[in-house]
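Here's the structure we're looking at; comments come further down.
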Amino acid sequence: MSRAGGAPGRSQVAQSHKLARAEGEGGGSRAEGEGLGAAISAAAISAADVWAALEGIADPEIPVISIVDLGVVRDVTVEGERVRVAFTPTFMGCPALDAMRRSIEQAIAALGGETQVEVLLDDSWSSDRITPAGRARLAAAGFAPPAPRGAAPPTLVQLQRAPTRCPWCGSPDTRLENLFGPTPCRSLRYCNACRQPFEQFKTL
Amino acid sequence: MPGRSRADRLLELADDELILGWRNSEWTGIAPFLEEDVAFSSIAQNEIGHARALYELAARELGGDADALAFDREPGAYRCAALVELRLVPDWAGTIARHFLYESADAVRIGALRAGPDPELAAIAAKIDREEVYHRIHAEMWIDRLGAEPGVRAALERLWPYALGVVEPALRAELARRVGETLGRPLPEAEPVERGVHVPELASLWEEMTAVRRSAPAGARW
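Respectively, the protein sequence lines represent chains A and B. The letter at position 54 of the first sequence is residue 54 when you use the working numbering, and the numbering goes up by one with no holes. Add 204 to a position in the second sequence, counting from 1, and you land on the number used in the working numbering.
Pasting the structure below:
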C-alpha cells in the first residue's frame, strides 16, 4: 500500500495529463482506428479523460469543491479499459468515503472503463493539498480555507492565532470557537466584526 | 504480551478505538454544553474511523471483514484495555481524566508505531496521528482548565493504573513522563491493569453495540 515515492504533487499530476494527451494523440488516432473497428478506439480512455471526469465529482459533504480540488485523488493509471484510481480519505472516519468510492466507480463506468479504486491509508494527504481553485471555492461558499500546516502538527496557540478572514465580511478579526464541527474536517470560528459564526476546513 | 502476532496488535488498537469511540459517543446530546456535544461526537467518529481501517488490515490476515471483527466476537474476545471500557457518563471529571490519559497513551503508542519496523503500520499510524493531534489539543485544553480541580485530580489517580495498561511495558516510563510533564506533577506509581482484564460494564456495551447486527444475521439493509 505505501508507495516509495510518495503520491504525486500537483505538478506531476499536470505532467501526467500532458503525457496521457500526447500518447492519445500519437497512438490511437481516429483515422487509423477506423478500419480496425471504431468501437475499440472510441472506448480508449486516457488519464486526462479520467481526471476530467473526477473533476466533476463533488465532495459529498462540501459539494462546492471537487474531489480533485480537495487533493484526495492521488493517482490515476489507465491500462486499456482498466482504470486504477488511488485516493486518500481526508479523515478516516469520513462517512462520505463510500459515497466517494461509488461516485468514482460510476464516473469511470460512464467513460466505459473498469475501475479499481484503491484507498490509500498513508500520510500522503494534508490540507495543504487543497488546490488554490479549491480554496477559492471553499471561501466563496462560506468555508474559510485551512491555515497552512507547516512541517510540525499544529498547536492550539497556532490554530487560535492563525490569521483567518471571515468568509462573509472579510474581516481578520475572528476567533476559534470549537476545534470540532459538524463534520470531522471542520472547525467552528466566529467573526467579531459581523458577528457571524462560520466554519473552517481543519488544518491537517 | 510478547509474542503477540501482528493481527493481535491490530486488534488491540482497533478494539481500543472502537470501544472508546462508543463511550465518547455516549456524551452526544448530554455533554455539559453544546461545544462538547460536538467535540465528543466528532472525536468518537474519528476513533471509530480508525477502528474500521485497522480492522480492515487485520481482516486481511484473519479473514472476514471489518464489521465481522467489530461485531461478531464474544465480549471476552475483545482485546481492548479496561480504560476504554469504563462507563463514565455522567462523570465529566472522570471523562476528562480518561480522555487525557488515553490520548497521552495513544500518542506514545502511535509514536512507537511510526518509528517501528512495519512500513504499513507506520504509514497508517502517521495518518491517524494527523487526526489525533486535535484530540490531544482538546484533552490538554481541558486539563489546563480543570486539572487542578479535586474531582479531576482524584479521577486521574483512580484511572492511572488503567492508563498504564493501554501501552506495552516498554512504553510505560515514557507515558508516565509525558503525563507528568503536562500535569506538572507525577502520578503515583501504580500496578497496571493489564489488557485482557475486562470490566463488567463491557457486557452491556457489547449487547447494545451488536444488537442490530445480531438481530439481522443476514445483514441489515437500509
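The beta-carbon is built from N, C-alpha and C at its ideal position, and this holds for glycine as well.
Practice task
Run the CB neighbour count on A193(A), radius 10 Å, all protein chains shown included, and call it buried at 16 or more, exposed below.
Solution key: As a first step, residue 193(A) must be located in the first sequence, where it is residue number 193. With fewer than 16 Cβ atoms within 10 Å of its Cβ, A193(A) is classed as exposed.
Handout entry: Sub-9 Å separation of V312(B) and R302(B) beta-carbons
Key = Here residue 312(B) refers to the residue found at position 108 when the second sequence is read from its first residue. Here residue 302(B) refers to the residue found at position 98 when the second sequence is read from its first residue. Not in contact: V312(B) and R302(B) (Cβ atoms no closer than 9 Å).
Practice task
Rank S103(A), G150(A), A140(A) by C-alpha distance to the C-alpha of S126(A) and give the top, closest one.
Solution key: As a first step, residue 126(A) is located in the first sequence; it is residue number 126 there, counting from the start. The option with the nearest alpha carbon to S126(A) is G150(A).
Practice task
Measuring alpha carbon to alpha carbon, tell me which of L258(B), A359(B), V242(B) ends up nearest R210(B).
Solution key: Locating residue 210(B) in the second sequence gives position 6, where the first residue counts as 1. Checking every option, the nearest Cα to that of R210(B) belongs to L258(B).
Problem - Integer Cβ distance of I57(A) from L138(A), believed to fall under 8 Å - result: For the purposes of this step, residue 57(A) is taken as residue 57 along the first sequence, with counting starting at 1. For the purposes of this step, residue 138(A) is taken as residue 138 along the first sequence, with counting starting at 1. Not confirmed; about 16 Å, so no contact.
Exercise for the section: Indicate whether at least one CB of chain A lies closer than 9 Å to the CB of M345(B). Expected result: Sequence index remark: in the second sequence, residue 345(B) carries index 141 (1-based). Cβ-Cβ to chain A under 9 Å: yes for M345(B).
Handout entry: Where G80(A) falls, given that 16 or more other Cβ within 10 Å makes a residue buried
Key = Working through the first sequence from its first residue, we reach residue 80(A) at position 80. G80(A) should be labelled exposed.
Practice task
Tell me, please, which residues DSSP counts as bridged to F198(A).
Solution key: Translated into positions along the first sequence, residue 198(A) becomes position 198. In DSSP, F198(A) forms a bridge with R189(A).
Exercise for the section: Would you kindly work out how many angstroms separate the C-alpha atoms of W231(B) and T299(B), rounded to a whole number? Expected result: The residue given as residue 231(B) occupies position 27 in the second sequence. The residue given as residue 299(B) occupies position 95 in the second sequence. Distance between the alpha carbons of W231(B) and T299(B) is about 10 Å.
Exercise for the section: Under 7 Å Cβ to Cβ from S245(B), same chain only, skipping five residues before and after it: list those, please. Expected result: In the second sequence, the residue the question calls residue 245(B) occupies position 41. Cβ neighbours of S245(B) beyond the five flanking positions: S229, T232.
Handout entry: Inter-residue Cα distance where the pair is T203(A) and D173(A)
Key = Position 203 of the first sequence, counted from the start, is the residue given in the question as residue 203(A). Position 173 of the first sequence, counted from the start, is the residue given in the question as residue 173(A). If you take the alpha carbons of T203(A) and D173(A), they lie about 19 Å apart.
Problem - Own chain partners of G225(B) with C-beta closer than 7 Å, once the 5 adjacent residues on each side are dropped - result: Your numbering for residue 225(B) matches position 21 in the second sequence. Contacts found: A248, E251, I252, A255.
Practice task
List the endpoints of the continuous alpha helix (DSSP H) containing A274(B).
Solution key: By 1-based counting over the second sequence, the position of residue 274(B) is 70. Element bounds for A274(B): 270-275.
Exercise for the section: Check each residue of the stretch 84-98 of chain A: if its Cβ is closer than 9 Å to any Cβ of chain B, include it; give the result in chain order. Expected result: T88, P89, F91, M92, G93, C94, P95, L97
Practice task
Identify the contact partners of Y338(B) in chain A, using a Cβ-Cβ distance below 8 Å as the criterion.
Solution key: Numbered from its first residue, the second sequence carries residue 338(B) at position 134. Within chain A, the residues near Y338(B) are L179, F180, K202.
Handout entry: F237(B), DSSP secondary structure in three states
Key = Within the second sequence, residue 237(B) is the residue found at index 33, counting from 1. The three-state reading of DSSP puts F237(B) in coil, since its state is none of H, G, I, E or B.
Practice task
Give me the Cα-Cα distance between A327(B) and R389(B), rounded to the nearest whole angstrom.
Solution key: Taking the second sequence and counting its residues from 1, one reaches residue 327(B) at position 123. Taking the second sequence and counting its residues from 1, one reaches residue 389(B) at position 185. C-alpha separation (whole angstroms): 34 Å.
Problem - Buried/exposed call for I234(B), threshold 16 Cβ in 10 Å - result: Here residue 234(B) refers to the residue found at position 30 when the second sequence is read from its first residue. When all chains shown are included, I234(B) counts as exposed.
Exercise for the section: Closer than 8 Å by beta-carbon distance: list the chain B residues that pair up with L156(A), in chain order. Expected result: Against the first sequence, residue 156(A) aligns to sequence position 156. Result: I341, E344, M345.
Exercise for the section: Decide if P145(A) is buried, meaning its Cβ has at least 16 other Cβ atoms within 10 Å, or exposed. Expected result: Looking up residue 145(A) in the first sequence gives position 145. Answer is buried; the Cβ neighbour count reaches 16.
Exercise for the section: Taking 9 Å as the cut-off, decide whether the C-beta atoms of L111(A) and V83(A) are in contact. Expected result: As a working note, residue 111(A) is residue 111 in the first sequence. As a working note, residue 83(A) is residue 83 in the first sequence. In contact: L111(A) and V83(A) (Cβ atoms closer than 9 Å).
Handout entry: the stretch 107-126 of chain A: positions lying closer than 9 Å to chain B by Cβ
Key = Within the stretch 107-126 of chain A, the qualifying residues are V119, L120, L121, D122, D123, S124, W125, S126.
Practice task
Along the beta strand (DSSP E) that carries T386(B), what are the first and last residues, could you check?
Solution key: Sequence index remark: in the second sequence, residue 386(B) carries index 182 (1-based). No beta strand (DSSP E) contains T386(B), which is instead part of the alpha helix (DSSP H) from 376-387.
Practice task
Leaving out five residues on either side along the sequence, give the residues of the same chain with a beta carbon under 7 Å from the beta carbon of A407(B).
Solution key: Within the second sequence, the letter at position 203 stands for residue 407(B). Cβ neighbours of A407(B) beyond the five flanking positions: P279.
Handout entry: R102(A) (DSSP reduced to helix, strand or coil)
Key = In the first sequence, residue 102(A) corresponds to position 102, counting from 1. Correct three-state label for R102(A): helix.
Practice task
State the beta-bridge partners of Q116(A) as determined by DSSP.
Solution key: In the first sequence, the residue the question calls residue 116(A) occupies position 116. BP columns for Q116(A) point to R84(A).
Problem - Any C-beta of chain B under 9 Å from that of T183(A) - result: By 1-based counting over the first sequence, the position of residue 183(A) is 183. Yes, because at least one Cβ of chain B sits closer than 9 Å to the Cβ of T183(A).
Handout entry: Within chain B, partners of P60(A) - CB distance below 7 Å
Key = Sequence index remark: in the first sequence, residue 60(A) carries index 60 (1-based). Chain-order list of chain B residues neighbouring P60(A): empty, with the shortest C-beta distance near 15 Å, by a criterion of under 7 Å.
Practice task
For my contact list, A53(A) and A107(A) are in at a C-beta cut-off of 8 Å; report their separation, rounded to the angstrom.
Solution key: Start at 1 with the first residue of the first sequence, and residue 53(A) comes out as number 53. Start at 1 with the first residue of the first sequence, and residue 107(A) comes out as number 107. About 4 Å separates the two Cβ atoms, so the contact holds.
Exercise for the section: Can you have a look at V78(A) and say buried or exposed, based on whether 16 or more other CB atoms are within 10 angstroms of its CB? Expected result: Along the first sequence, read from residue 1 onward, the residue named residue 78(A) stands at position 78. Per the 10 Å Cβ criterion, buried.
Handout entry: Proximity below 9 Å, CB of D295(B) to CB of T414(B)
Key = Position 91 of the second sequence, counted from the first residue, corresponds to residue 295(B). Position 210 of the second sequence, counted from the first residue, corresponds to residue 414(B). Not a contact, by the Cβ cut-off of 9 Å.
Practice task
Check whether the Cβ atoms of M92(A) and L121(A) sit closer than 9 Å, and answer yes or no.
Solution key: Position 92 of the first sequence, counted from the start, is the residue given in the question as residue 92(A). Position 121 of the first sequence, counted from the start, is the residue given in the question as residue 121(A). The Cβ atoms of M92(A) and L121(A) sit closer than 9 Å to each other.
Exercise for the section: Under 7 Å Cβ to Cβ from W168(A), same chain only, skipping five residues before and after it: list those, please. Expected result: Here residue 168(A) refers to the residue found at position 168 when the first sequence is read from its first residue. Taken in chain order, the residues that qualify are G142, C191, C194, Q196, F198.
Handout entry: Pick from D123(A), E177(A), R129(A), P132(A) that is closest to D333(B), judged by C-alpha positions
Key = For the purposes of this step, residue 333(B) is identified with residue 129 of the second sequence, where counting begins at 1. Considering only alpha carbons, the answer is D123(A).
Handout entry: Under 8 Å from the C-beta of N250(B): neighbouring residues of chain A
Key = As a first step, residue 250(B) must be located in the second sequence, where it is residue number 46. Chain A residues near N250(B): F91, M92, G93, P184.
Exercise for the section: Taking I347(B) and T386(B) to be in contact with their CB atoms under 8 Å, please state how far apart those CB atoms are, rounded to whole angstroms. Expected result: Working through the second sequence from its first residue, we reach residue 347(B) at position 143. Working through the second sequence from its first residue, we reach residue 386(B) at position 182. Confirmed, about 6 Å.
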